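This report concerns only the one structure given below.
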């Protein structure tokens with residue numbers, strides 16, 4: 092009896108204390124944490140998220156306190172890291188890789204007062220929002236450029252893991268490329284890693300050896316661009332502008348732009364207006380950007396790429412607009428139709444023009 | 004497969020295997036002296052960042068390689084001091100060294116991310132390097148590749164043909180006996196560990212100066228662990244370790260080519276193959292005690308307390 096009463100009093104006091112600190116906490120810095128899959132110095136995916144984190148700091152100054160944990164393996168270890176961040180009083184936790192989905196959802200359930208934001212996933216909760224970028228829109232733009240620029244008609248594409256996100260990119264790229272050059276083919280090589288500069292470079296070499304004269308990638312290091320530069324072929328930067336590594340070879344790059352989103356969502360937490368949501372933003376909202384064109388891209392190609400980009404922004408073009416044929420040549424998306432977001436999110440088949448079999 | 008693709012594939016295999024050869028052969032010497040240094044990955048990264056920094060500030064490839072070796076040795080010295088001087092657990096210290104190396108190299112390299120380097124110069128021999136097939140295959144590599152070919156030869160000669168090599172093996176097989184005869188066990192282990200560090204540093208330099216000439220964090224991406232596995236895979240014999248490095252390099256590259264050809268390979272399976280192979284070898288050799296006795300250093304990982 093006594094014990095129970097004591098606990099009641101204690102919890103009452105705690106609640107009062109929490110209530111009491113409520114209004115005051117506006118003065119305390121809002122704590123925002125980030126979990127990264129790679130090192131911040133990868134010059135790609137993680138690097139861009141960290142640029143976003145710094146934008147949050149720049150915007151709010153000492154009203155925020157940001158932390159990050161880098162190179163967190165997807166899976167069990169991630170759960171430990173996320174829980175640790177949640178229990179350390181962070182108000183908002185961004186987990187920035189697909190593989191953090193289940194750990195984030197699990198920890199979110201245990202910490203209902205902490206807001207979570209998971210990138211590229213599909214599990215939401217009252218305190219767990221998801222956000223992603225329509226990178227495939229950018230891929231349609233670079234696919235257009237590839238169609239114009241390839242001579243051999245073979246494009247090498249370095250994939251990380253055969254998940255819908257990556258397959259969607261390959262398909263968007265291929266569709267746009269074949270609108271310009273109907274006989275061009277995409278060769279895909281999977282390296283089973285988001286980040287292994289050596290292996291990514293080796294994959295680029297293998298693809299170039301087999302006739303590819305343009306390299307596209309969905310892995311995070313600039314190594315493939317560097318190989319392209321050495322071998323005198325073209326390539327596209329991934330996640331950030333990688334021109335420094337390939338001044339001649341980089342035609343352009345798809346740039347991830349998280350700054351506005353991270354600033355907006357942090358502000359929402361500060362103002363108490365944060366709500367769970369599921370957003371998927373693209374070229375129009377500025378979450379996906381196209382880096383300045385390389386010198387090798389001629390005027391007419393720039394114009395073609397710009398018009399594709401503009402058409403996607405104003406909605407007159409959808410990168411997955413029918414007719415779209417699968418690898419067997421059967422039209423699976425009829426003329427006038429577009430692939431729904433739901434189908435895009437689960438995409439597990441190649442369009443016509445992609446060589447090889449999709450690993451299952 | 005056309006001849007050109009074949010040549011190109013072999014060239015890529017050589018570049019993929021070279022860092023493994025350096026790191027694994029260095030670790031082989033360390034282990035032969037009875038020291039298990041699991042910090043290869045950390046030493047590689049320290050070497051990689053130091054080599055890249057040297058080339059960036061001084062622009063001298065030879066100095067860069069030497070600096071990378073020195074950095075690897077320095078990291079190995081920390082390890083050696085802890086496990087040989089202070090008798091700390093080799094396994095725990097080695098793991099800590101890897102984590103330390105990853106962090107330290109990231110810190111040192113902070114301002115060097117995003118800088119490009121053209122890569123080590125290839126040794127070009129007029130006429131010979133221009134020969135079809137043989138030219139690119141044999142006579143158009145950078146100096147480190149040739150060094151990596153000479154290294155197993157030198158190490159095998161040292162271990163099995165010299166008195167110093169015999170002493171090193173004796174220290175690794177029975178430190179008490181070696182001590183009783185009067186050999187400085189600790190000093191020899193220090194040297195073997197430092198050699199391992201130097202080679203890991205050189206492996207790192209190959210990564211950041213030739214394989215993918217740039218500095219990005221954690222760029223070794225697990226190659227230090229593969230090197231460790233290779234030492235076991237090669238059952239502590241220099242040439243088998245060398246062959247293992249080429250085998251693993253070869254499998255990695257061939258599966259990339261196979262994919263580009265459109266041949267379905269389970270690339271996930273290929274990625275874990277080195278580790279599976281190591282486990283298989285471990286199982287095989289542990290079933291055959293004579294084989295272990297012949298090659299595996301009996302005192303590996305054991306601390307040495309000199310009898311008072």
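Residue numbers (the numbering used here), protein chains in the order written: chain S, 92 to 451; chain A, 4 to 311.
Beta carbons: idealized from backbone N, C-alpha and C, even for Gly.
Here the structure is a predicted model, which means the values were calculated and not measured.
Contacts around residue i, its chain only, beta-carbon distance under 6 Å, and the 5 residues preceding and following it disregarded
i, result
"residue 434 of chain S", "none"
"residue 160 of chain S", "126, 172"
"residue 211 of chain A", "51, 54, 55, 218"
"residue 197 of chain A", "76, 79"
"residue 145 of chain A", "123, 125, 213"
"residue 456 of chain S", "It is not possible to answer for residue 456 of chain S, since the shown part of chain S is limited to 92 through 451."
Rounded straight-line distance, which links the Cα of residue j to that of residue i
i, j, result
"residue 238 of chain A", "residue 149 of chain A", "24 Å"
"residue 85 of chain A", "residue 95 of chain A", "11 Å"
"residue 313 of chain A", "residue 304 of chain A", "No statement about residue 313 of chain A is possible, as the shown extent of chain A runs from 4 to 311 and does not include it."
"residue 224 of chain A", "residue 170 of chain A", "35 Å"
"residue 207 of chain A", "residue 250 of chain A", "20 Å"
"residue 191 of chain S", "residue 126 of chain S", "9 Å"
"residue 301 of chain S", "residue 349 of chain S", "36 Å"
"residue 417 of chain S", "residue 356 of chain S", "39 Å"
"residue 148 of chain S", "residue 235 of chain A", "48 Å"
"residue 175 of chain S", "residue 340 of chain S", "43 Å"
"residue 137 of chain S", "residue 128 of chain S", "7 Å"
"residue 231 of chain S", "residue 263 of chain S", "5 Å"
"residue 162 of chain A", "residue 258 of chain A", "35 Å"
"residue 398 of chain S", "residue 265 of chain A", "33 Å"
"residue 176 of chain A", "residue 20 of chain A", "29 Å"
"residue 363 of chain S", "residue 313 of chain S", "40 Å"
"residue 286 of chain S", "residue 92 of chain A", "32 Å"
"residue 133 of chain A", "residue 139 of chain A", "7 Å"
"residue 220 of chain A", "residue 281 of chain S", "22 Å"
"residue 413 of chain S", "residue 392 of chain S", "23 Å"
"residue 411 of chain S", "residue 238 of chain S", "17 Å"
"residue 47 of chain A", "residue 200 of chain A", "8 Å"
"residue 266 of chain S", "residue 394 of chain S", "18 Å"
Residue-chain proximity (residue i, chain D), Cβ-Cβ < 8 Å
i, result
"residue 43 of chain A", "Any reference to chain D falls outside this structure, whose protein chains are S and A."
Classification of residue i by the beta-carbon crowding that lies within 10 angstroms, buried from 16 upward
i, result
"residue 55 of chain A", "buried"
"residue 317 of chain S", "buried"
"residue 258 of chain S", "buried"
"residue 419 of chain S", "exposed"
"residue 135 of chain A", "exposed"
"residue 95 of chain S", "Its pLDDT being 45, under 50, residue 95 of chain S is placed unreliably in this model, and the coordinates cannot settle the point."
"residue 267 of chain A", "exposed"
"residue 44 of chain A", "buried"
CB-CB length for residue i against residue j, believed under 8 Å
i, j, result
"residue 241 of chain S", "residue 272 of chain S", "6 Å"
"residue 385 of chain S", "residue 379 of chain S", "With 8 Å as the limit, residue 385 of chain S and residue 379 of chain S do not qualify as a contact, their Cβ atoms being about 18 Å apart."
"residue 64 of chain A", "residue 202 of chain A", "That belief does not hold up - the Cβ atoms of residue 64 of chain A and residue 202 of chain A are roughly 18 Å apart, past 8 Å."
"residue 23 of chain A", "residue 229 of chain A", "6 Å"
"residue 243 of chain S", "residue 332 of chain S", "Residue 243 of chain S to residue 332 of chain S, Cβ: 26 Å. No contact."
"residue 167 of chain A", "residue 130 of chain S", "The Cβ separation is near 41 Å, so there is no contact."
"residue 121 of chain S", "residue 360 of chain S", "6 Å"
Residues that residue i contacts on chain S, provided the C-beta gap is smaller than 8 Å
i, result
"residue 151 of chain A", "The premise fails here: residue 151 of chain A is roughly 15 Å from chain S at the closest Cβ pair, so nothing lies under 8 Å."
"residue 112 of chain A", "132"
"residue 12 of chain A", "297, 300"
"residue 8 of chain A", "300, 301"
"residue 255 of chain A", "290, 293"
Where residue i meets chain A, residues with beta-carbon distance less than 8 Å
i, result
"residue 448 of chain S", "265, 267"
"residue 284 of chain S", "224, 274"
"residue 247 of chain S", "263"
Interface partners of residue i on chain S, CB under 7 Å
i, result
"residue 117 of chain A", "134, 335"
"residue 215 of chain A", "288, 289, 292, 314, 317"
"residue 231 of chain A", "The premise fails here: residue 231 of chain A is roughly 17 Å from chain S at the closest Cβ pair, so nothing lies under 7 Å."
Amino acids of chain A, ordered along the chain, whose beta-carbon sits closer than 7 Å to that of residue i
i, result
"residue 298 of chain S", "263"
"residue 294 of chain S", "259"
"residue 312 of chain S", "219"
"residue 162 of chain S", "221"
Sequence-distant residues of its chain with Cβ nearer than 8 Å to residue i (five each side left out)
i, result
"residue 309 of chain A", "182, 188, 189"
"residue 218 of chain S", "199, 202, 203, 204, 205, 206, 207, 367"
"residue 10 of chain A", "136, 139, 140"
Contact set for residue i: own chain, Cβ-Cβ below 7 Å, skip 5 residues either direction
i, result
"residue 256 of chain S", "189, 211"
"residue 408 of chain S", "399, 402"
"residue 337 of chain S", "316, 317, 319, 320, 326"
Chain S contact residues for residue i, given Cβ-Cβ distances below 9 Å
i, result
"residue 66 of chain A", "Per Cβ cutoff of 9 Å: no residues; residue 66 of chain A is ~22 Å from chain S at best."
"residue 210 of chain A", "288, 289"
"residue 19 of chain A", "289, 290, 293"
Chain A residues whose Cβ lies nearer than 9 Å to that of residue i
i, result
"residue 278 of chain S", "262, 263, 264, 265"
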